[in-house]
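One structure is given below, encoded as structure tokens.
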Amino acid sequence: MMNALKICVFTVLVAAFYSYVSQMVPQKVTYPPEETELGADMTTEELVVAGEEIAGGKGTCLTCHTVSGDTGGRFPDLANIGLVAADRKEGFSDVEYLAESLYDPNEYIVEGFLPGMTPISDPPIDLNDEEILAVIAYLQSLGGVATVTLDTELRWQSEENSAAAAAASQAGAAAGPSAENLSGEELFAMYACGTCHSVTEPTPLLGPSLYNAGNDFSTAELYEAIMDPDAVVAEEFTAGLMSAQLNATGFYDKISSGQLKTLVDYLAMQKGGS
Amino acid sequence: MNILILLAACAGLLALRFVPKMNILGWLVGWWAATFVFLRWGINPPLPTSIQGMFLAILTLALLAYISANSVHFRFVLDRAVAFATEKKYTVALAVTLVLLPCLVALRVYFDITEGPAPPLSSRTIHPPPPVSIEVAGRMIDLVNDDNPYRALETEDPAAFAEHVANGRRVYYENCVYCHGDDMAGDGLFAHGYDPIPANFQDATTIAMLQEGYIFWRIAKGGPGLPSESTPWLSAMPAWENFLTEEEMWDVTLFLYDFTGHRPRAREDHGGGGDGH
Amino acid sequence: MKWLARRLPAGSLLFLMLAGMALVAFWAPDAWAQDAAGPVEYRSFPVVGSRVVVWVIAQLHLMFGAFVLAVPMFALTIEFIGFRNGDKRYDDLAHEFTRLLSVSFSFTASLGALLTFFLFILYPRLMEYLVSIFDWTFMLYACVFFLEAVFLYSYYYGWGKMPKWLHLLLGLGLNMVGIAIIFIADSWLTFMNSPNGIDAEGNLLSTWDAINNFTWMPINIHRLIANICFGGSIAAAYGAYKFLGAKTEEERAHYDWMGYMGNFIAIAALLPLPFAGYWLGREIYAFSQSLGIALMGGTFSWLFIIQAVLIGNLFLAANYYLWLSMERIHGAERYRKFTKWLLASITVCFIVWATPHSLVATVEEARAMGGSHHPILNVLGVMSAKNTAVNVLILTTYLSFLFYRRANKEATVSWAKTGNIVQFGILAAVVGVVIFLGVYGYFVEASVRIGLSIPQVGLVLFAMISITIIDVFMFRNARILGPIEWGKIPNRAQYALFFIAITFAWTMGLMGYVRSGIRQHWHVYGVMRDTSEHAFTPTLGYAANVVSVTVLIFFAFIAVVFFLSSLSGKKKIEAEGGASS
Numbered sequence: 000m001m002n003a004l005k006i007c008v009f010t011v012l013v014a015a016f017y018s019y020v021s022q023m024v025p026q027k028v029t030y031p032p033e034e035t036e037l038g039a040d041m042t043t044e045e046l047v048v049a050g051e052e053i054a055g056g057k058g059t060c061l062t063c064h065t066v067s068g069d070t071g072g073r074f075p076d077l078a079n080i081g082l083v084a085a086d087r088k089e090g091f092s093d094v095e096y097l098a099e100s101l102y103d104p105n106e107y108i109v110e111g112f113l114p115g116m117t118p119i120s121d122p123p124i125d126l127n128d129e130e131i132l133a134v135i136a137y138l139q140s141l142g143g144v145a146t147v148t149l150d151t152e153l154r155w156q157s158e159e160n161s162a163a164a165a166a167a168s169q170a171g172a173a174a175g176p177s178a179e180n181l182s183g184e185e186l187f188a189m190y191a192c193g194t195c196h197s198v199t200e201p202t203p204l205l206g207p208s209l210y211n212a213g214n215d216f217s218t219a220e221l222y223e224a225i226m227d228p229d230a231v232v233a234e235e236f237t238a239g240l241m242s243a244q245l246n247a248t249g250f251y252d253k254i255s256s257g258q259l260k261t262l263v264d265y266l267a268m269q270k271g272g273s
Numbered sequence: 000m001n002i003l004i005l006l007a008a009c010a011g012l013l014a015l016r017f018v019p020k021m022n023i024l025g026w027l028v029g030w031w032a033a034t035f036v037f038l039r040w041g042i043n044p045p046l047p048t049s050i051q052g053m054f055l056a057i058l059t060l061a062l063l064a065y066i067s068a069n070s071v072h073f074r075f076v077l078d079r080a081v082a083f084a085t086e087k088k089y090t091v092a093l094a095v096t097l098v099l100l101p102c103l104v105a106l107r108v109y110f111d112i113t114e115g116p117a118p119p120l121s122s123r124t125i126h127p128p129p130p131v132s133i134e135v136a137g138r139m140i141d142l143v144n145d146d147n148p149y150r151a152l153e154t155e156d157p158a159a160f161a162e163h164v165a166n167g168r169r170v171y172y173e174n175c176v177y178c179h180g181d182d183m184a185g186d187g188l189f190a191h192g193y194d195p196i197p198a199n200f201q202d203a204t205t206i207a208m209l210q211e212g213y214i215f216w217r218i219a220k221g222g223p224g225l226p227s228e229s230t231p232w233l234s235a236m237p238a239w240e241n242f243l244t245e246e247e248m249w250d251v252t253l254f255l256y257d258f259t260g261h262r263p264r265a266r267e268d269h270g271g272g273g274d275g276h
Numbered sequence: 000m001k002w003l004a005r006r007l008p009a010g011s012l013l014f015l016m017l018a019g020m021a022l023v024a025f026w027a028p029d030a031w032a033q034d035a036a037g038p039v040e041y042r043s044f045p046v047v048g049s050r051v052v053v054w055v056i057a058q059l060h061l062m063f064g065a066f067v068l069a070v071p072m073f074a075l076t077i078e079f080i081g082f083r084n085g086d087k088r089y090d091d092l093a094h095e096f097t098r099l100l101s102v103s104f105s106f107t108a109s110l111g112a113l114l115t116f117f118l119f120i121l122y123p124r125l126m127e128y129l130v131s132i133f134d135w136t137f138m139l140y141a142c143v144f145f146l147e148a149v150f151l152y153s154y155y156y157g158w159g160k161m162p163k164w165l166h167l168l169l170g171l172g173l174n175m176v177g178i179a180i181i182f183i184a185d186s187w188l189t190f191m192n193s194p195n196g197i198d199a200e201g202n203l204l205s206t207w208d209a210i211n212n213f214t215w216m217p218i219n220i221h222r223l224i225a226n227i228c229f230g231g232s233i234a235a236a237y238g239a240y241k242f243l244g245a246k247t248e249e250e251r252a253h254y255d256w257m258g259y260m261g262n263f264i265a266i267a268a269l270l271p272l273p274f275a276g277y278w279l280g281r282e283i284y285a286f287s288q289s290l291g292i293a294l295m296g297g298t299f300s301w302l303f304i305i306q307a308v309l310i311g312n313l314f315l316a317a318n319y320y321l322w323l324s325m326e327r328i329h330g331a332e333r334y335r336k337f338t339k340w341l342l343a344s345i346t347v348c349f350i351v352w353a354t355p356h357s358l359v360a361t362v363e364e365a366r367a368m369g370g371s372h373h374p375i376l377n378v379l380g381v382m383s384a385k386n387t388a389v390n391v392l393i394l395t396t397y398l399s400f401l402f403y404r405r406a407n408k409e410a411t412v413s414w415a416k417t418g419n420i421v422q423f424g425i426l427a428a429v430v431g432v433v434i435f436l437g438v439y440g441y442f443v444e445a446s447v448r449i450g451l452s453i454p455q456v457g458l459v460l461f462a463m464i465s466i467t468i469i470d471v472f473m474f475r476n477a478r479i480l481g482p483i484e485w486g487k488i489p490n491r492a493q494y495a496l497f498f499i500a501i502t503f504a505w506t507m508g509l510m511g512y513v514r515s516g517i518r519q520h521w522h523v524y525g526v527m528r529d530t531s532e533h534a535f536t537p538t539l540g541y542a543a544n545v546v547s548v549t550v551l552i553f554f555a556f557i558a559v560v561f562f563l564s565s566l567s568g569k570k571k572i573e574a575e576g577g578a579s580s
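Spelled out as structure tokens, the structure:
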């Protein structure tokens, strides 16, 4: 009996020793690459789940919008959007209204808010039609009932549109490094800087106004503010917001050094509207 | 390698031979101490403490096996231990040991706790597994099956191949040399500002053991394209697909191998199974 | 008690099946409710999660399966040796090994049933897919399993009750069927690692191609050899367990011998195992560079450092046992002085093998080294160095065996001196060339370097075979200095045997994890993604804890097997005692 006990203790000790050794090596969890796959046969419920993921990730919707029920934010709160969407715009069903505000956001601005959202179907966010349907399903489910499926057809999604977008993005990618001939203003629009920064008004949006950037910042500070937004953050603004946004839209992967220079030069020229 | 320390450790062990009435315990302690000294101070640059600890643990295991693998030794050591614990003449030593041991542990805990903040120990995966295919300038490149498209020229058309290598040389000295260095040893002008430091292509464990598709992947996608297991440090390598054409990237790959004299890891024919994928 | 011993195997099987069903039925009621909603991809398991449940049960099933398949192989061999030289001892030993089988077989079957239940319940989508690929092999498997039961029980119960040749033939059939079982089961799991015989969408093209995928044969061979190691070590642990509890000198002598034989089998099979593993790794690399790098260079590179610790410990313990065993032989003192050199060689090889390629270092240390690679250790961290270390480790262990073999013998042939010199010359030359090839490997390209391992292995095999042949002739009619006093061995040698068995089991658990783990977030690599919440790869520490728990459960089961086997042994000894008095 004594022997059996000794053997038991010995076995436990040896196993514990190996467990201990294994704790000494680097501990790292590897997560599967995150991608929200939209299968053709997804049900509406699955679309809602996928849409929520997209809204929080690739779509970067939640950078500006809240889903908390608190009103008074800079962008409309979405907590009840599924309920109110149908009544927002005369002659538009809830799906149509949501689709329009994603594809063509500045067509209708909710009272009390300023235009500023970029078309979600275009770069930099660049969601495809299926992903936008998933987002619509998710938005419907907020306070309402999701009805869309991947077969739902919207008039904003058209063959030409998607084909043109594909061609444009390919052309952009192919010409990528050499497409240095865009003006600073075009780059500012292309990378959707205007969503958060105004160059025409001194009023701050989500980020500080760049109305007077040329006088407020040196060129080096502008470079730093773009490439490492969190290095210096003015007090009243949220740290991490801009870097998260730029990372999510792939800004750092896309911008070349030439473009960056053009953009900084453009910003340096903004001197109080002059 | 610090030869002086090595010699000192060896001399110390040799000196033990001439100690009269040297017993097995003395030898064990001597070997342990000599190895410790060598591992701690004898190697330059110093070994990380984690490795020193591992080596010493293995040595300890081996020394314990050595005393217990021989009943004479084993009994002797047991006798000494029992004597130490029971005999009168050791009482003082025993008391000192009993007091000192907890003190040492306490001291260790004290040092561990009062140590200033330090980044956590971590290792990064130098060569993470590549994706199956990547997209460069709108074109899908199959990293599993595609080879360097210009590699075949080496035998088919040496002149054209030399042109590609020359182009690669140009690309290297225009872009890569600042970090990877004049002789590709990863010691360019900027190298010392980075963590992780640039790869050393002369080393047998970098490009020499990888396929060209892998090199192409690293050049095209750079630091931003590294998977998460290569964190926590972020490689400063730019994603060259934004600055170079596909051909230039393949050419510079050719040049890396040409300059260092390494050969890319060859693709092996699949041994078993039916037809491949 | 006797009644219990006879009833328990069947009873435990029934109990386990019922317990498993009850668990599933009562713990996961929501899982059943989902059935109505449509096809379910995953169901959850409370507390530990479905992945860990399947993981642990699969590993337990595998360990018992390995044991049940391995024991007949060497039992048959030992029986055959006994049959040829007429030594009753060998026949008894083979019978005693077989006695461990019947209970273990029931455990294997119950665990297999449990595993099947859990797989079909918790991973229905995956299983549906696998069934669509392997449909008829499942039927075949069931038939073969049935045959295995028939052969196994007739082999065990027919001992001594039928002509020896017929019994040996039964044993051969048992082994054939056992090998068929493992080959079929391997085809399923290797398909998940290296799918073959399917089109781009994952639809079946050819079941045979799916079976004969890239890693099927390497895994088959690797597992066969590893099973023998594992079975031998468990059998040795049984010997050790009986030795420690032995009351009489005869018992001690008998179980000392049994432990020695089991260990001999385990270590002899361990020697070629690294080569089989190397072949497997190479095939994985050939199938997909991504999979290969994930295995060797990626997240799992640290797992192989843990493995190096395990294997280093195994070799150390095996040699340790041999050195202690030499104490029971008169004349072995002459070889005592070599122990320290053998030990030094093992320690150095162990250190080289366990040196990681990329190191864990603080920031200051890394700065001092100029990166995460140490300029000196870097050299030890790669395949060339490790292959060389393993080869030298194998040769060292072989030397220990050689010394054990000649411990009580003194050569009387006239050419003894020359023979010794030739043996030493072969050994020195082979070690020299193996190390030279290892160093040379740094200066050639990777594919050539991989090729260098073949001459290394060839040379090591050549050295072992040629030296053994010389030894056999040299020690013919040797003067015997003294008898082998079986039973005269310190208890710590028996603990070394336990240590070897536990380490083997742990290594199996760890390697089982990595084989399955390199698929990462795929069920079937590149074909079917794991979309469950358990798709991530856990930390090594977590995996190690699961392995430890599995190993402890396994040994708890094994304790039951040992206990029951010794019960049936008692009856026999009592009966014999009664007959002789």
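Protein chains in written order, with numbering that gives the first Met the number 0: chain E, 0 to 273; chain X, 0 to 276; chain P, 0 to 580. Quick reminder that beta carbons are idealized off the backbone N, C-alpha and C, glycines included.
Strand pairing of residue i, partner residues [DSSP]
i	result
P/V523	P/M527
P/L203	P/I197
P/R478	P/E409
X/V135	X/R138
Same chain, Cβ closer than 6 Å to residue i, five either side skipped, listed in chain order
i	result
P/L125	H522
P/K385	W352
X/E247	V170
X/A198	G185 and T205
Cβ of residue i within 8 Å of any chain E Cβ
i	result
P/S287	no
X/F242	yes
P/P194	no
Cutoff 8 Å: residue i Cβ touching any chain P Cβ
i	result
E/I6	yes
E/A14	yes
X/N174	no
Per-residue contacts from residue i into chain E (C-beta, under 8 Å)
i	result
X/A238	D252
Residue i versus the options, residue with shortest Cα-Cα distance
i	options	result
P/I233	P/A495, P/L539, P/H533 and P/A542	P/A495
P/L165	P/G261, P/E78, P/V421 and P/L313	P/E78
P/M382	P/M463, P/W340 and P/P355	P/P355
Within chain X, partners of residue i - CB distance below 9 Å
i	result
P/M368	P44, P45, L46 and P47
E/S255	N241 and F242
Nonlocal neighbours in the same chain, by C-beta distance under 8 Å from residue i, ignoring five residues either side
i	result
P/A179	V143
Neighbouring residues, chain X, relative to residue i (Cβ below 8 Å)
i	result
E/S18	The premise fails here: E/S18 is roughly 15 Å from chain X at the closest Cβ pair, so nothing lies under 8 Å.
Chain-ordered neighbours of residue i on chain P, where CB pairs are closer than 7 Å
i	result
X/H179	Within 7 Å Cβ-Cβ: nothing; X/H179 doesn't reach chain P, min ~13 Å.
Test: residue i CB closer than 8 Å to a CB of chain X
i	result
P/W135	no
Proximal chain P residues relative to residue i, where beta-carbon distance stays under 8 Å
i	result
E/K57	Those do not exist, as E/K57 stays about 18 Å from chain P at its closest Cβ, beyond 8 Å.
Partners in chain P for residue i, counting only beta-carbon separations shorter than 9 Å
i	result
E/Y30	H520, A534, F535 and T536
Check: residue i C-beta below 7 Å from any heavy atom of the ligand FAD
i	result
P/S105	The ligand FAD is absent from the structure shown, which contains no ligand whatsoever.
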